[in-house]
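Here is the structure we will look at, set down as structure tokens.
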Amino acid sequence: MCAKERKTPIERYRMYLQLEKSLSANTLDAYMGDVAKLEKYLNEEQKESLKATAEDIQGFFVSLADVGIHARSRARILSSLRSYYSFLKLDDYISADPTEQIGSPKIGRHLPDVLTLDEIDSMMNAIDLSMVEGQRNRAIIELMYSCGLRVSELCGLRFSDIYITEEFVRVQGKGGKQRLVPISQRAIAELQAYMADRATINIRPGYEDFVFLSARRGKPLSRITVFHIIKELAEAVGIEKNVSPHTFRHSFATHLLEGGANLRVIQSMLGHESISTTEIYTHIDRARLRQEIIEHHPRNRKNHLKPTE
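Each residue of the sequence shown is one higher than the one before, counting from 0 in numbering that gives the first Met the number 0.
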């Protein structure tokens, strides 16, 4: 058996990049990581990269766009895949390159920056816990990041939507649509720590079920208030990125994707309009959904379980 037959196409492609292209280790890892993302997607579709069509490749890029991957990142991934398929064609693994029919993503509006886990932790650690709203603000940041919530979903969150034992949150999304999102042990701990401070608030009648309240007004927080909380914390720790509440949602999706999470699961957890309430309850295996969070979310990988540092 010849060497070519003993090695897989991907193994031969890695050798090609190393020996003929002389790529640096970081660039090589980036190229191979992009190919691995496509392989994962195709495996879930029960297809193979050697038999992938232009429609399959386009479907992969639609999935990336749906979970918020920026056009610039998608363009870089497309460049990697064009290199991969060019090699496959050159080495006679395939007769036609499916990426030739794929147009480069248009660089449209700027999506939110992605925060690193260290940046998120630094914002949380900068919160003054001696202030009555301190622990509340920690819980706000953790919920937005761990569950990928929109700011409107966070402000409207009720205790009746939180299932501590099952470790799920029922989120009221756009258009009245509901979805179930796993809640991490870290987020649960932050919420429980917040309960003591919340108990001191004079809550206005009718708002008892809302989780996040203004200590002064006894009413649910507004989206503008959450926006200001986030902006002030980002500035306090010297983060120069354009940070808003949506930045945490975008970071949630990006970190899960980078960790290898299933694209469709991420779509479901983000609550995109293409996924209805019925689909949440009939097509998503809850145990599998929770396992994706446990395996791929940075909070769980780093075992951040304590409510305070």
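A virtual CB, placed ideally from N, CA and C, is assigned to each residue, including glycine.
> Using the C-alpha atoms, what's the distance from Glu132 back to Leu220?
Replying inline: Your numbering for residue 220 matches position 221 in the sequence shown. Your numbering for residue 132 matches position 133 in the sequence shown. So the alpha carbons of these two residues sit roughly 11 Å apart.
>> Here's the rule: buried if 16 or more other CB atoms are within 10 angstroms of the residue's CB, otherwise exposed. What is Leu37?
In response: As a working note, residue 37 is residue 38 in the sequence shown. Buried, by the Cβ-count rule.
> Just the Cα atoms here: how many angstroms apart are Ile182 and Arg13?
Replying inline: As a position in the sequence shown, residue 182 is number 183, starting the count at 1. As a position in the sequence shown, residue 13 is number 14, starting the count at 1. The straight-line gap from Cα to Cα measures roughly 38 Å.
> Which residue from Phe251, Ile265 and Ile101 puts its Cα closest to that of Leu116?
Replying inline: In the sequence shown, residue 116 corresponds to position 117, counting from 1. Of the listed residues, the one whose Cα sits closest to Leu116 is Phe251.
> Among residues of its own chain, excluding the 5 on either side of Thr187, which ones have a beta-carbon nearer than 8 Å to its beta-carbon?
Replying inline: Residue numbering aside, residue 187 sits at position 188 when the sequence shown is read from its first letter. Residue identity check: residue 187 is Ile in the sequence provided, not Thr. Counting only Cβ-Cβ distances below 8 Å, and skipping sequence neighbours, we find Ile163 and Glu166.
> Taking contact to mean at least 3 C-beta pairs separated by less than 8 Å, is the segment 147-155 in contact with the segment 243-250?
Replying inline: A contact exists between the segment 147-155 and the segment 243-250.
> Using the rule of at least 16 other Cβ atoms within 10 Å of the residue's Cβ for burial, across every protein chain shown, is Pro97 buried or exposed?
Replying inline: In the sequence shown, counting from the first residue as 1, residue 97 sits at position 98. That one is buried.
> Just reading off the beta strand (DSSP E) that Arg169 is part of, what are its end residues?
Replying inline: In the sequence shown, counting from the first residue as 1, residue 169 sits at position 170. Phe167 to Gln171 is the span of the beta strand (DSSP E), which, as asked, contains Arg169.
>> Here's the rule: buried if 16 or more other CB atoms are within 10 angstroms of the residue's CB, otherwise exposed. What is Gly175?
In response: By one-based count along the sequence shown, residue 175 stands at place 176. Burial call: exposed.
> Where do the N-terminal and C-terminal ends of the alpha helix (DSSP H) with Val225 fall, by residue?
Replying inline: Taking the first residue of the sequence shown as position 1, residue 225 is located at position 226. Its alpha helix (DSSP H) spans residues Arg222 to Ala235.
> Among residues of its own chain, excluding the 5 on either side of Asp33, which ones have a beta-carbon nearer than 6 Å to its beta-carbon?
Replying inline: Locating residue 33 in the sequence shown gives position 34, counting from the first residue. Closer than 6 Å at Cβ, skipping near neighbours: Ile76 and Ser79.
> Taking all protein chains shown into account, do 16 or more other C-beta atoms lie within 10 angstroms of the C-beta of Ser273, making it buried, or fewer, making it exposed?
Replying inline: Along the sequence shown, read from residue 1 onward, the residue named residue 273 stands at position 274. Interpretation of Ser273 is limited by its pLDDT of 47, a score under 50 that renders its predicted location unreliable; no figure is taken from the coordinates.
> Among Phe59, Asp127 and Ser48, which has the Cα closest to the Cα of Lys88?
Replying inline: On the sequence shown, residue 88 is found 89 positions in, with the first residue counted as 1. Lys88 has its Cα closest to that of Ser48, out of Phe59, Asp127 and Ser48.
> Excluding five sequence neighbours on each side, which residues of the same chain lie with their C-beta closer than 6 Å to the C-beta of Ile9?
Replying inline: Position 10 of the sequence shown, counted from the first residue, corresponds to residue 9. Taken in chain order, the list of residues that qualify is empty.
> Using the beta-carbon count (16 or more within 10 Å), is Ala24 buried or exposed?
Replying inline: The residue you call residue 24 lines up with position 25 of the sequence shown. Looking at its Cβ environment, which holds fewer than 16 other Cβ atoms inside 10 Å, Ala24 is exposed.
> What's the call for Arg5, buried or exposed, on a 16-neighbour Cβ count within 10 Å?
Replying inline: As a working mapping, residue 5 is identified with position 6 in the sequence shown. So Arg5 ends up on the exposed side.
> Is it buried or exposed for Gly102, if we count other Cβ within 10 angstroms and need 16 for buried?
Replying inline: Here residue 102 refers to the residue found at position 103 when the sequence shown is read from its first residue. Gly102 should be labelled exposed.
> Is Pro297 buried or exposed, if buried means 16 or more other CB atoms sit within 10 Å of its CB?
Replying inline: Taking the first residue of the sequence shown as 1, we reach residue 297 at position 298. Label assigned to Pro297: buried.
> For the segment 85-141, which segments carrying the alpha helix (DSSP H) assignment without a break, of at least 4 residues, lie completely within its bounds, in sequence order?
Replying inline: 116-124
>> Between the alpha carbons of Arg73 and Tyr206, how many angstroms are there, rounded?
In response: For the purposes of this step, residue 73 is taken as residue 74 along the sequence shown, with counting starting at 1. For the purposes of this step, residue 206 is taken as residue 207 along the sequence shown, with counting starting at 1. Distance between the alpha carbons of Arg73 and Tyr206 is about 43 Å.
>> By alpha-carbon positions, which one of Glu99, Ser159 and Met268 ends up nearest to Ser356?
In response: This structure gives no information on residue 356, because the portion of the chain shown stretches from 0 to 308.
> Leaving out five residues before and five after Ser94 in sequence, what residues of the same chain have Cβ atoms less than 8 Å from its Cβ?
Replying inline: Here residue 94 refers to the residue found at position 95 of the sequence shown. Closer than 8 Å at Cβ, skipping near neighbours: Lys88.
>> Quick check on the DSSP output: the beta strand (DSSP E) that includes Pro181 runs from which residue to which?
In response: What you label residue 181 is simply residue 182 of the sequence shown in a count that begins at 1. Element bounds for Pro181: Gln177 to Pro181.
> Alpha carbon to alpha carbon, what distance is there between Ala35 and Ala29?
Replying inline: Here residue 29 refers to the residue found at position 30 when the sequence shown is read from its first residue. Here residue 35 refers to the residue found at position 36 when the sequence shown is read from its first residue. Computed Cα separation, rounded: 10 Å.
> Does the Cβ of Leu18 have 16 or more other Cβ atoms within 10 Å, making it buried, or fewer, making it exposed?
Replying inline: Counted from its first residue, the sequence shown places residue 18 at position 19. Answer is exposed; the Cβ neighbour count stays below 16.
> For Tyr206, which three-state DSSP category applies?
Replying inline: The count along the sequence shown starts at 1 and reaches residue 206 at position 207. Reduced to three states, the DSSP call for Tyr206 is coil.
>> Going by DSSP, what residue range makes up the alpha helix (DSSP H) through Phe247?
In response: Locating residue 247 in the sequence shown gives position 248, counting from the first residue. Pro244 to Glu257 is the span of the alpha helix (DSSP H), which, as asked, contains Phe247.
> Per DSSP, Arg157 is paired with what?
Replying inline: For the purposes of this step, residue 157 is identified with residue 158 of the sequence shown, where counting begins at 1. Arg157 pairs with Phe209.
> Would you call the CB atoms of Arg11 and Asp90 closer than 8 Å?
Replying inline: For this step, residue 11 is matched to residue 12 along the sequence shown. For this step, residue 90 is matched to residue 91 along the sequence shown. Against a cut-off of 8 Å, the Cβ pair of Asp90 and Arg11 comes out as a contact.
> In angstroms, rounded to a whole number, what distance separates the CA positions of Gly58 and Tyr15?
Replying inline: As a working note, residue 58 is residue 59 in the sequence shown. As a working note, residue 15 is residue 16 in the sequence shown. The alpha-carbon atoms of Gly58 and Tyr15 are separated by roughly 27 Å.
>> Please list the terminal residues of the continuous alpha helix (DSSP H) segment that includes Lys36.
In response: The count along the sequence shown starts at 1 and reaches residue 36 at position 37. Here the alpha helix (DSSP H) through Lys36 covers Ala24 to Glu43.
>> Can you find the residues in the same chain that come closer than 8 Å, C-beta to C-beta, to Leu27, ignoring five residues on each side of it along the sequence?
In response: Taking the sequence shown and counting its residues from 1, one reaches residue 27 at position 28. Closer than 8 Å at Cβ, skipping near neighbours: Arg13, Leu16 and Gln17.
>> Quick check on the burial criterion: 16 or more other C-beta atoms within 10 angstroms. Buried or exposed for Val113?
In response: Counting from 1 along the sequence shown, the entry for residue 113 is found at position 114. Val113 comes out buried.
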